[in-house]
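Student: In this note's numbering, the protein residues as written are 6 to 187.
Would you mind keeping the following structure in view while I ask a few things?
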């Protein structure tokens, strides 16, 4: 903190626990050195890139990876067009494909509707459910919805106040707790 370097946990890091990969969009909230240190400590492979969004006609770094990417068990919802560097984009695609993940591409406009900020969970019966806001759901095309529903149910709810005042959405509100069922 004193050195002004950060790695802001679940917002900056998308962890593929099955394949031991840490996806991270670098920004002032996600330092590459700290990411490498985290990956060495916890035995993850870093998948590093920079993602951008257009704000007032200027390309600015996206502050958290979970704004533009969702990592589920069998697929990823991702805004590939926000990864401007072609080599980095190809590397992310390569890692997702290596691990058998279907890529569901979203647009920057959909990112602005929080379509990247969703989280896959399991209910008590073990069914997979993708949690997202109503705004995110409304921004998706029928093809994207069908692609997600091949793998899990969708549960959406209005989070308009959270999205307007807090700047985050469904995934930002939920903690990723992966504990064994008792």
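Every residue gets a Cβ at the ideal spot worked out from N, C-alpha and C, and that includes glycine.
#1: Using 8 angstroms as the threshold, is the region 95–102 in touch with the region 38–56, meaning 3 or more CB pairs across them?
#2: Take residue 10 and list the residues in its own chain whose beta-carbon comes closer than 8 angstroms to its own, dropping the five residues that flank it on each side.
#3: Between residue 72 and residue 116, how many whole angstroms is the CB-CB distance? I'm expecting something under 8 angstroms.
#4: Since residue 118 and residue 81 are thought to touch, with beta carbons under 8 angstroms apart, how far apart are those beta carbons, to the nearest angstrom?
#5: Does DSSP put residue 65 in a helix, in a strand, or in coil?
#6: Count the other CB atoms within 10 Å of the CB of residue 122; is the residue buried (16 or more) or exposed (fewer)?
#7: Alpha carbon to alpha carbon, how far is residue 141 from residue 166? Give it in angstroms, no decimals.
Tutor: Taking the coordinates as given:
#1: yes
#2: 36, 38, 39
#3: 6 angstroms
#4: Actually they are not in contact, since the Cβ atoms of residue 118 and residue 81 sit about 18 angstroms apart, beyond 8 angstroms.
#5: DSSP, read as helix, strand or coil, puts residue 65 in strand.
#6: buried
#7: 14 angstroms
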